[in-house]
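Comments concern the structure below.
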Amino acid sequence: MSDTTRRKLLAATGAGVATGTVGLTMGPAQAGEARRSASSARESVVAYVHNHRSSEVRLMVGEREIVVHDRDLATRILNAAGGR
Amino acid sequence: MSSHREAPEMAKDPVADSTDVYAFVSPDRPNTVTLIANYIPFQAPDGGPNFNEFGDDVAYDINISNKGEAEADITYRFHFTTRVRDPKTFLYNTGPISNIRDTTWNRPQFYSLTRIKNGRSKVLAEHLPCPPVNIGPRSTPNYHHLATQAVHKVGSRRVFAGQRADAFHVDLGSVFDLGALRPFQHLHLIPMADTAGRNSLQGFNVHSLVLQVPISEVSRSGKAPQDPEQPGAVIGVWSAASRRKSRMFDKEKGAYVGHGPWEQVSRLGNPLFNEVITPMAHKDAWNARAPKGDAIFAKYVNHPELARLLPVLYPGVFPHLAAYHKARADLNAILLTGIPKGIVPGFQNFTGTVESDMLRLNLAIPPTQSPNSLGLLGGDAAGFPNGRRVGDDVVAIELRAVAGVTIPLVDPSFTPDGAAGLLTDGTTDTNGGTKATFPFLGDPGGGYQTQPGTSAVS
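Those protein sequences? They're chains A and B, same order as listed. My numbering puts the first sequence at residues 1 to 84. My numbering puts the second sequence at residues 85 to 542.
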């Protein structure tokens, strides 16, 4: 599949791709209209989904690890990651 | 060895590699205990232009257990920060360094010391300067002066962090060539003429954390124990190194950026434990675990592979050891619980029944005026396995123990083989030597002064 064709397919499935980076806020996920809270992280964050069958998402921020169980979040990450 | 490059993953990460731990009642201040943790093995002193240094992205810990539960009741944590004074030069130093604050040292390193006790952190000191490495007579003309400047008083404590001569000695070239000991190799399965041992660590430096603290600060009671048989007289000590749980490569910086909590990647209590007790397939996992969970490794202590190998590698030399099939309660005590009282008259370093690899030090036993490098085996209760002094010959001690010398302590029916009490790799410390006073490890060899070693294909 050519790069152009793949981009079209990805755009159609809702996963944004720009120079190899998947943008989680593009596509149908925009409908979620997430808003940043007052306690929202103000630094870089790493998200880790260890088991694709689980709803667990581990977030590394600063010297902390936050474990969230959020099926919707895990699914959106998995969908985006599978976009390529 | 004693834990240099001892595990597959750690061998790829020398900056976080715990190589040796020492803990002893200080001969220069007997109301204190000295704790030493070494890292970064096999430093060739001439390894410029980017000489060895502590990692800014590593947390270095010295842990102390004093409640008998094999948990870190007190942790001393070191964090390092490295500066580049002049970003326009490739040089480590732009002129002679005569003072550790000289601006000619282009890459100074500083550290903070934090004590974590009962879950609470207290920063004891910040921005303490390290010494530079020993580059040579033009760059570091009075190295001993620089090292002395890097000894800092922090309250009633003293601390040093920087390059030192590696005091550990072992004949790696021979030991890992099918377990050969050069002084006895005519008896080996593949015999060769006996020769003197060769110290494989000769000419190499390490980076050391040296901390001297009042005994009352680390003891269970908060006082200096006086009775060696008192249970609270013993502490367990181990070093560790941790990295951030996630590391992302930042292409803009050309460096890794860490996220998340610190996760242990290396640890060390008793010398050689992970090196020759733990099977290779489990060494990496062992490094990531806390000592409290070491019961799962007890089977490798109770039936050590090395004890099975000795009679095979030296046919006919260890018949008693070959015939001994009981669990090694002696090694279990030495390495995993400490020696209970009643085994060695007047001595114990028992920390409880939790099997855990820790270096165990009885704080009530004073330093020996004339130390015996064979420690407790040599009748010197102030030495390994009661803690570990810089000059203790832990290779010979552990070889002899594994060969059966210590079995009669727990099983009087056993008679050790005659050779067991003679085992040695034939090496001594041929580096900078040890000092009688803080920081006890010798000044590191210099780069300019280094003579390259020799190697041969056959």
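We treat Cβ as the ideally placed atom computed from N, Cα and C, and that holds for glycine. Bear in mind that the values here come from a model prediction, so they are computed numbers and not experimental data.
- Listed along the chain, the chain B residues whose CB falls inside 9 Å of the CB of V61 of chain A are H343, G344.
- For Y408 of chain B, there is no enclosing alpha helix (DSSP H), as DSSP marks it with neither H nor E.
- Take the alpha-carbon of N289 of chain B and the one of G529 of chain B: they are about 7 Å apart.
- As for any beta strand (DSSP E) of minimum length 3 sitting wholly inside the segment 147-218 of chain B, the runs are 158-166, 193-201, 204-213, ordered along the chain.
- For R64 of chain A, the neighbours in chain B by C-beta distance under 8 Å run, in chain order, G344, P345.
- Take K206 of chain B, set aside five residues on each side of it, and the residues of its chain with a beta-carbon closer than 7 Å to its own are T198, R199, in chain order.
- In this structure, V109 of chain B lies near L447 of chain B, with their beta-carbon atoms less than 8 Å apart.
- The Cβ atoms of N122 of chain B and S292 of chain B sit closer than 8 Å to each other.
- Of the candidates B:H88, B:A520, B:G502, B:F434, B:H88 places its Cα closest to the Cα of L256 of chain B.
- Ranking B:A128, B:N190, B:K172, B:P171 by CA distance to the CA of P180 of chain B puts B:N190 first.
- DSSP, read as helix, strand or coil, puts Y398 of chain B in coil.
- A Cβ-Cβ separation of about 22 Å leaves N515 of chain B out of contact with D261 of chain B under the 8 Å criterion.
- Assignment of R241 of chain B by DSSP, reduced to helix, strand and coil, places it in the strand class.
- Within the segment 240-297 of chain B, the complete beta strand (DSSP E) segments at least 3 residues long are 241-249, listed from N- to C-terminus.
- Any Cβ of chain A closer than 8 Å to the Cβ of S330 of chain B would place that residue at the interface, and such an atom is present.
- Contact between the segment 507-521 of chain B and the segment 275-288 of chain B is present: three or more C-beta pairs spanning the two stretches fall below 8 Å.
- A straight line joining the alpha-carbon of N183 of chain B with that of P213 of chain B spans about 11 Å.
- Sequence-distant Cβ neighbours of D141 of chain B in its own chain, meaning closer than 6 Å and more than five residues away, are G342.
- By the Cβ test, the segment 372-383 of chain B is not in contact with the segment 470-482 of chain B, since fewer than three Cβ pairs between them sit closer than 8 Å.
- Ranked by Cα distance from M332 of chain B, the options A:T75, A:N79, A:A47, A:A80 are led by A:A47.
- Below the 8 Å Cβ cutoff, chain B contributes S330, M332, H343, G344 as neighbours of V46 of chain A, in chain order.
- DSSP places Q314 of chain B in no beta strand (DSSP E); its state is neither H nor E.
- Counting every other CB atom within 10 Å of its CB across the protein chains shown gives H50 of chain A a total below 16, marking it as exposed.
- For the options A:A41, A:D72, A:H52, the alpha carbon positioned closest to that of I66 of chain A is the one of A:A41.
- In this structure P133 of chain B touches L175 of chain B by the C-beta definition: roughly 7 Å separates them, less than 8 Å.
- Exposure of Q310 of chain B is indicated by the presence of fewer than 16 other C-beta atoms within 10 angstroms of its C-beta.
- Cβ contact annotation for Q247 of chain B (same chain, cutoff 6 Å, sequence separation greater than five): V217, N289, H291, P528, in chain order.
- By a beta-carbon distance limit of 8 Å, S440 of chain B contacts P375 of chain B. Their separation comes to about 4 Å.
- A straight-line Cα-Cα distance of about 15 Å links F162 of chain B and P215 of chain B.
- Under the DSSP assignment, H52 of chain A falls outside any beta strand (DSSP E); it carries neither an H nor an E label.
- When the Cα atoms are used, N358 of chain B and K172 of chain B turn out to be separated by approximately 43 Å.
- In this model, T159 of chain B and S149 of chain B are separated by some 9 Å (Cα to Cα).
- Counting along the chain, the unbroken beta strand (DSSP E) around V341 of chain B starts and ends at 339-352.
- By the criterion of at least three beta-carbon pairs nearer than 8 Å, the segment 422-437 of chain B is not in contact with the segment 56-74 of chain A.
- Annotation for Y106 of chain B: the continuous beta strand (DSSP E) segment containing it runs 102-109.
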